[in-house]
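Heads up, the thing below is written out as structure tokens.
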Amino acid sequence: MTLPDHPSLDDYRGQISEMAAQGLAAIGDAPDLDALEAARVAYLGDRRGRMLEFQRALGAIARDAKPEAGRLFNTVKRQLESALDERRARLGRGAGGYTPPADLTMPARPQWTGARHPVTLVIEEIAAIFRELGFTIALGPEVETEWYNFGALNFPANHPAMDLHDTLYVQDDVLLRTHTSPVQVRTLQRFAPPIRILAPGNVYRRDFFDASHAPMFAQIEGLCVDEGVSFVDLKATLGHFARRFFGSTRARFRPSYFPFTEPSAEMDVECRLCRGAGCAACKGTGWMEILGSGMVHPAVLEAAGVDSEKYTGWAFGMGPARIAMQRYGVTDIRVFYDSDVRFLEQIAE
Ligand code: PHE
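Sequential numbering of the sequence shown, starting at 16, is according to this note's numbering.
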């Protein structure tokens, strides 16, 4: 039976249901996969399948009948296809059917596993070294008051660092801490000496985002306060740290200035990226600054309620991302903050 040149909806419906019934029977009765394939070609094949005739007829059917005829066509096509899938699955499993065995030589799908960030790894390694020396971990808030961030740390009023240019203010005298040093003050207020703490955490500055600066970065603060503590302890402890962390790398102290320490010193390690020859990461100097340090200023001890006649102390603040650059041979600090897993998965453990 063939369709007239311009079929009515009734013609179309009648004939497509008849064809569907035959097709479903052929598929359902197919005794094996070869017969099933023959049924598929006969009804759904691209070249001579019987569905093609009904597809072509859609073009010739009266306009107002077209949507309904199109729906019929789609329904029948879906019925035939799912009957085919069902029959194929049944025959495949049955006695005469053939299921290809799993290909055991196929490469496995890679598994994604979580891992710690390289800066976190460095922080943990640093904390482990100081833990051996009796330091414990202290934490403080990232949203701080101006007093903890600056005032108690002996910044003179109107110090340029307090300027909007460097500091991200939340409210009048509430800000995102620009360093971890406020944890010194909070710790001294809560605990009586002897004190030995390490305070890792994030800090914020309105810095430009360039190869060695980020607007948010991690710092690790260290503080040691007791009777009779001197600069010798500072230098010996930080020297010990550099040897433990970097191995035989050379380290040096340079005089520096911070309002909250006196005297103050910065510690550099020989740049591992160029072995001291000078490169872009160390700005050609051959040295990489990794921390600021100094003897806690008596004014800081007094602001926190500690007797500065009886106690002395030293403190440092270091940048674990800078240290991670050295450890992992990374020349641009931004890759640590980009969250690009292609980079991170090379280092993460
Ligand atoms: N807080 C200083 C900074 O952010 C570092 C520092 C900490 C210096 C402790 C001395 C003592 O640069």
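We treat Cβ as the ideally placed atom computed from N, Cα and C, and that holds for glycine.
Could you spell out the range, first to last residue, of the alpha helix (DSSP H) harbouring residue i?
i: Asp49; result: Leu48 to Leu59
i: Gln126; result: Neither: Gln126 is in no alpha helix (DSSP H) and is coded neither H nor E.
i: Ile138; result: Pro133 to Glu147
i: Ser32; result: Leu24 to Asp44
i: Ile362; result: Val356 to Ile362
i: Pro335; result: Pro335 to Tyr343
i: Thr252; result: Phe246 to Phe261
i: Thr202; result: Pro197 to Arg205
i: Gly74; result: Arg65 to Ala75
Within this structure, are the beta carbons of residue i and residue j separated by less than 8 Å?
i: Leu73; j: Gly85; result: yes
i: Ala80; j: Leu39; result: no
i: Ile42; j: Leu51; result: yes
i: Leu249; j: Met333; result: no
i: Ala75; j: Asp25; result: no
i: Pro133; j: Ala233; result: no
i: Arg201; j: Tyr219; result: no
i: Leu190; j: Glu159; result: yes
i: Thr197; j: Gly155; result: Thr is not the amino acid found at residue 197; the sequence shown has Pro there. For Pro197 and Gly155, yes; Cβs fall inside 8 Å.
i: Ala143; j: Pro215; result: no
i: Ala350; j: Val240; result: Residue identity check: residue 350 is Val in the sequence provided, not Ala. Not in contact: Val350 and Val240 (Cβ atoms no closer than 8 Å).
i: Ser263; j: Thr327; result: no
i: Leu316; j: Ser323; result: yes
i: Ala330; j: Glu236; result: yes
i: Glu242; j: Lys325; result: yes
i: Glu161; j: Asp188; result: yes
i: Leu95; j: Ala35; result: yes
i: Tyr27; j: Leu67; result: no
i: Glu304; j: Asn217; result: no
i: Thr252; j: Leu148; result: yes
i: Leu18; j: Gln37; result: no
i: Arg102; j: Ala45; result: yes
i: Leu238; j: Gln199; result: yes
i: Leu183; j: Arg221; result: yes
Name the one or two DSSP bridge partners that residue i has.
i: Asp241; result: Thr327
i: Trp302; result: Glu285
i: Asn217; result: Ala233
i: Gly309; result: Ser279 and Ala330
i: Leu95; result: Its beta-bridge partners do not exist; DSSP assigns none.
i: Pro270; result: Ala280
i: Leu371; result: Nothing about residue 371 can be read from this structure; the chain reaches only from 16 to 364.
i: Arg211; result: Cys239
i: Ile152; result: Leu213
Where do the N-terminal and C-terminal ends of the beta strand (DSSP E) with residue i fall, by residue?
i: Glu159; result: Val158 to Thr160
Considering only heavy atoms of the ligand GTP, does any lie closer than 7 Å to the CB of residue i?
i: His194; result: As far as ligands go, the structure on display features the ligand PHE and does not contain the ligand GTP.
ask   = Do the region 337 to 353 and the region 133 to 144 touch if we need at least three Cβ pairs shorter than 8 Å?
value = yes
Practice task
Could you say if the region 160 to 174 and the region 119 to 132 meet the contact criterion of at least three C-beta pairs nearer than 8 Å?
Solution key: no
Kindly confirm or deny that the region 343 to 356 and the region 260 to 273 touch, where touching means at least three C-beta pairs closer than 8 Å. no
Three or more beta-carbon pairs under 8 Å between the region 274 to 282 and the region 203 to 212, yes or no? At 8 Å Cβ cutoff, the stretches do not touch.
Using a Cβ distance threshold of 8 Å, determine whether the region 225 to 242 contacts the region 276 to 288, with at least three qualifying pairs required. They do not touch, by the three-pair rule.
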